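Undergrad: Numbering (the working numbering), first residue to last: 19 to 324.
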Amino acid sequence: MTPADTSADERRPTQEEAPGALVKLLTVEEIDTDLYRGLRNPGGRGRVFGGQVIAQALMSAVGSVDEERQAHSLHAYFMRPGDERLPIIYRVERDYDGGTFSNRRVIAIQRGKPILNMTASFHKKEQGFEHQAEMPDVPGPDGLKNESELAHEHRDRLPAPFVEHMLRPRAIELRPLESWFAPEKEKRDAVRCTWVRTTGPVGDDPVMHRAILAYASDMTLLGTSMKPHGVNWLSPNMQVASLDHALWLHDDVRVDDWLLYACESSWSGGGRGFNRGSLFTREGKLIASATQEGLIRYRDNSKAGS
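1. If we count the other Cβ atoms within 10 Å of its Cβ and call it buried at 16 or more, is residue 236 buried or exposed?
2. Give me the Cα-Cα distance between residue 145 and residue 299, rounded to the nearest whole angstrom.
3. Taking 8 Å as the cut-off, decide whether the C-beta atoms of residue 121 and residue 94 are in contact.
4. In chain order, what residues of the same chain lie with their CB nearer than 6 Å to the CB of residue 197, ignoring the 5 residues before and after it?
5. Assuming residue 138 and residue 92 are in contact, meaning their beta carbons sit under 8 Å apart, how far apart are those beta carbons, in whole angstroms?
6. Between 186, 295, 241 and 41, which lies nearest to residue 220 when the distance is taken from Cα to Cα?
7. What are the boundary residues of the beta strand (DSSP E) that residue 166 is part of?
8. How is residue 124 classed by DSSP in three states: helix, strand or coil?
9. Roughly how many angstroms lie between the CA atoms of residue 111 and residue 178, to the nearest whole one?
10. Tell me the DSSP bridge mates of residue 213?
11. For residue 283, which residues of its own chain have a beta-carbon under 7 Å away from its beta-carbon, when the five flanking residues on both sides are left out?
12. Is it true that the CB of residue 124 sits closer than 8 Å to the CB of residue 215?
13. Nearest by alpha-carbon distance to residue 228: which of 238, 267, 142 and 113 is it?
14. Taking 8 Å as the threshold (C-beta atoms), are residue 108 and residue 126 in contact?
15. Distance check for residue 288 and residue 64, CA to CA, integer angstroms please.
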């Protein structure tokens, strides 16, 4: 399919439709044995959001595993930017099926080239020892402004296309404890806490809830490693992109209730930043952990040609 063939459904969903539209986006189509097609985001024009590719790849892997085995971890490498004008083809390799674990390898493809490689592991539930880290002692989501409200509040000093993007109907609501619309060049600690949930109900399928969690886990994480340097996504001359992403799913989750995404960055260097994140329920239960390394490259245009 070429970009010219994708004009059938360009209407973006309304705010009321957005959660259901996300479920539809992440529901992959089986086109042959271990071969799936992921929908394009309606009206998309730029680079595919990494969380979309991860979630669709996970849903593709789920199709080849016994229902009693649930995804407990995934490790993904981004190789090329995806094109939002095109669907994505996912090829699943059944690498391993043991007594309680299964392993699947997924390759996401556009225009005949891989854009992501991902390995996912599935585990049959069993009993075992239990412990977890404590949730940070932070205010709850009630009374906090979401990112759309913050973008509107700061619209006079933000690029108009960015504000327009932030004010579109959204399936995922983010309420940061600390606004990332900070004064330019202000250096801050490499920590970030954000409350996250879908903006409406998304059904009761636990597989879809895990896929949406994988989708949302690509939000807020990478920017944490830029905070100590006084830069962010909008800073001039910054080239920012996810390089790899890992997620561990510790338990069942409902993404239509508030989760705290507590992120911190322990290192940056060589044009890369490393980040860790923990996702807690409002009651303090740790239900997922994530890591990500990303490109945070500063291009000094004044040295161009030197």
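Yeah, the Cβ is synthetic: ideal placement off N, Cα and C, and Gly gets one too. Note that the structure is a prediction, hence the values are computed from the model and not measured.
TA: Reading it off the structure:
1. Buried, since its Cβ has 16 or more Cβ neighbours within 10 Å.
2. Each residue's alpha carbon lies about 21 Å from the other.
3. It is not a contact, given that the beta carbons lie outside the stated cut-off.
4. The answer, listed in chain order, is 168.
5. In this structure, residue 138 and residue 92 form a Cβ contact; the two beta carbons are roughly 4 Å apart against a cut-off of 8 Å.
6. Checking every option, the nearest Cα to that of residue 220 belongs to 41.
7. In the DSSP annotation of this structure, residue 166 is not part of any beta strand (DSSP E); the continuous alpha helix (DSSP H) holding it starts and ends at 165 to 171.
8. In the structure shown, residue 124 adopts extended strand secondary structure according to DSSP, grouped into three states.
9. The straight-line gap from Cα to Cα measures roughly 44 Å.
10. As computed with DSSP, residue 213 is found in a beta bridge with 193 and 278.
11. Answer for residue 283: 208, 242, 243, 291, 292 and 293, listed in chain order.
12. Judged by beta-carbon spacing, residue 124 lies beyond the 8 Å limit of residue 215, meaning their Cβ atoms are not closer than that value.
13. Closest option to residue 228, Cα to Cα, is 267.
14. Their beta carbons are under 8 Å apart, which means residue 126 touches residue 108 by this criterion.
15. Each residue's alpha carbon lies about 27 Å from the other.
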